[in-house]
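Participant: Starting off with a structure, shown below.
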Amino acid sequence: MEDPDAFAFDCHVHFGQYNHLYYQPSLVVKALHQNGVQRAWVSSTTACIAPTSFDEAQYLSGHIDEEMQEAIEEANRLKMALITLYWAVPERYCTPDKVDGEMYAGFKIHPKIGEWSSKNGSDLLHDICVCASQKKFPILIHTGIDDVDSPARFEKYFAEYPEVTFVLAHCRNTQEIIRLFGKYGNLLGDTAFCAIEDYKKICLAGFKSRMLWGTDFPITHWHNRIGDKITLSVLSENYKNTLLLFKSKIL
Ligand SMILES: [Zn+2]
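Below is the structure:
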């Protein structure tokens, strides 16, 4: 976040189904555009739906691909650059096959969505790292304060794939993030739902340049305005407020 243009790139954006709300991909892209975002990494929260059969898993994957297509078409119209992240879930029979730089050019992993400690999960994680390494794609990993989503859980992959860029979403917990940043040069973090005191601690520890602007938008909307009708103006306003709040606290 040293660069004054840092806010033109949002590394953590979603669309799709999130609990009871649906965020239309094209609407999300328009809201980003209205706020000066020129580049974004996007993934679909529709991936959080747990399939109960192979057919349902196939259906969900197809639906997510259609959402990506819609987002890409809108971004092309607006001359924005979208990097689409493939949200991999072991239970959806995911493989990195589609992550070829055409439809998808990076990965999203949420340790609490899917059984990553299973044989399927660890095989998938290995395949993701190999693909990311060969094709120079980033991996965005949700981090949290529980054992299951602690970034330390992935430490052996950070060490084994030094050429892969891993972005630790939310930077939790701060102490662990600072330790890992000190040890591995291939790690970045994002500001999404990262408390400002924690962001400042990471910067003070000398890692400001490792931090990316990321919002988790439109989950920001979901947290603040549950039940609201989702319109472009409501979404755009929510993004603007997220940005202004962060800027007001760091300046
Ligand atoms: Zn997210």
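Heads up: the sequence shown is residues 9 to 259, going by our numbering.
Even glycine gets a Cβ: it sits at the ideal position worked out from N, Cα and C.
Note that the structure is a prediction, hence the values are computed from the model and not measured.
Just to check, is the beta-carbon of D224 closer than 6 Å to a non-hydrogen atom of ligand 1?
Facilitator: What you label residue 224 is simply residue 216 of the sequence shown in a count that begins at 1. D224 Cβ: within cutoff of ligand 1.
Participant: Tell me M219's beta-bridge partners as DSSP assigns them.
Facilitator: Residue mapping note: residue 219 aligns to position 211 of the sequence shown, counting from 1. Paired residue(s): G197.
Participant: State the Cα-Cα distance for the pair A89 and M111, rounded to the nearest angstrom.
Facilitator: As a first step, residue 89 must be located in the sequence shown, where it is residue number 81. As a first step, residue 111 must be located in the sequence shown, where it is residue number 103. So the alpha carbons of these two residues sit roughly 13 Å apart.
Participant: Mark V97 as exposed unless 16 or more other C-beta atoms lie within 10 angstroms of its C-beta, in which case mark it buried.
Facilitator: Along the sequence shown, one-based indexing puts residue 97 at 89. The residue is buried, with at least 16 neighbouring Cβ atoms inside 10 Å.
Participant: Kindly provide the ranges of any beta strand (DSSP E) runs that are 3 or more residues long and lie completely inside the segment 98–179, ordered along the chain.
Facilitator: DSSP runs (the beta strand (DSSP E)) wholly in the segment 98–179: 115–117, 147–150 and 174–177.
Participant: Among the candidates H20, A39, P159 and F166, whose CA atom is the shortest distance from the CA of A48?
Facilitator: Position 40 of the sequence shown, counted from the start, is the residue given in the question as residue 48. Comparing Cα-Cα distances from A48 to each of H20, A39, P159 and F166, the minimum goes to H20.
Participant: Taking the beta strand (DSSP E) that A89 falls in, what are its first and last residues?
Facilitator: Along the sequence shown, one-based indexing puts residue 89 at 81. A89 to T92 is the extent of the beta strand (DSSP E) around A89.
Participant: When the Cα of S217 is compared with those of K116, T223, K208 and D224, which residue comes out closest?
Facilitator: What you label residue 217 is simply residue 209 of the sequence shown in a count that begins at 1. That would be K208, whose Cα lies nearest to the Cα of S217.
Participant: Give a yes or no on whether the C-beta atoms belonging to R180 and G152 are separated by under 7 Å.
Facilitator: In the sequence shown, residue 180 corresponds to position 172, counting from 1. In the sequence shown, residue 152 corresponds to position 144, counting from 1. Yes, Cβ-Cβ distance for R180 and G152 is below 7 Å.
Participant: Cα separation between Y94 and K116?
Facilitator: Taking the sequence shown and counting its residues from 1, the one referred to as residue 94 is at position 86. Taking the sequence shown and counting its residues from 1, the one referred to as residue 116 is at position 108. Answer to the nearest angstrom: the Cα atoms are 6 Å apart.
Participant: For the beta strand (DSSP E) containing F23, list its first residue and its last residue.
Facilitator: Indexing the sequence shown from 1 puts residue 23 at position 15. Unbroken beta strand (DSSP E) run through F23: F17 to Y26.
Participant: Give me the residue from S158, G70 and G109 with the minimum Cα distance to I186.
Facilitator: Stepping through the sequence shown from its first residue, residue 186 is reached at position 178. Of the listed residues, the one whose Cα sits closest to I186 is S158.
Participant: Take the Cβ of D18 as the centre, count every other Cβ of all protein chains shown within 10 Å, and call the residue buried at 16 or more, exposed below.
Facilitator: Taking the sequence shown and counting its residues from 1, one reaches residue 18 at position 10. With 16 or more other Cβ atoms within 10 Å, it is buried.
Participant: Starting from Y30, follow its DSSP beta bridges and name the residues at the other end.
Facilitator: Position 22 of the sequence shown, counted from the first residue, corresponds to residue 30. In DSSP, Y30 forms a bridge with Q25.
Participant: Compare the C-alpha of A14 against each of V175, W221, D154 and S130 and name the closest.
Facilitator: The count along the sequence shown starts at 1 and reaches residue 14 at position 6. Ranking the options by Cα distance to A14, first place goes to W221.
Participant: By the 10 Å Cβ neighbour count, where 16 or more other Cβ atoms means buried, how is I265 classified, buried or exposed?
Facilitator: This structure cannot settle anything about residue 265, because the visible part of the chain is limited to 9 through 259.
Participant: Going by C-alpha to C-alpha distance, which of R233, T239 and H178 sits closest to E205?
Facilitator: Residue mapping note: residue 205 aligns to position 197 of the sequence shown, counting from 1. Per the Cα distances, H178.
Participant: Between the Cα of K257 and the Cα atoms of C202, T228, A213 and I238, which residue gives the shortest distance?
Facilitator: Numbered from 1 along the sequence shown, position 249 holds the residue referred to as residue 257. Nearest C-alpha to K257: C202.
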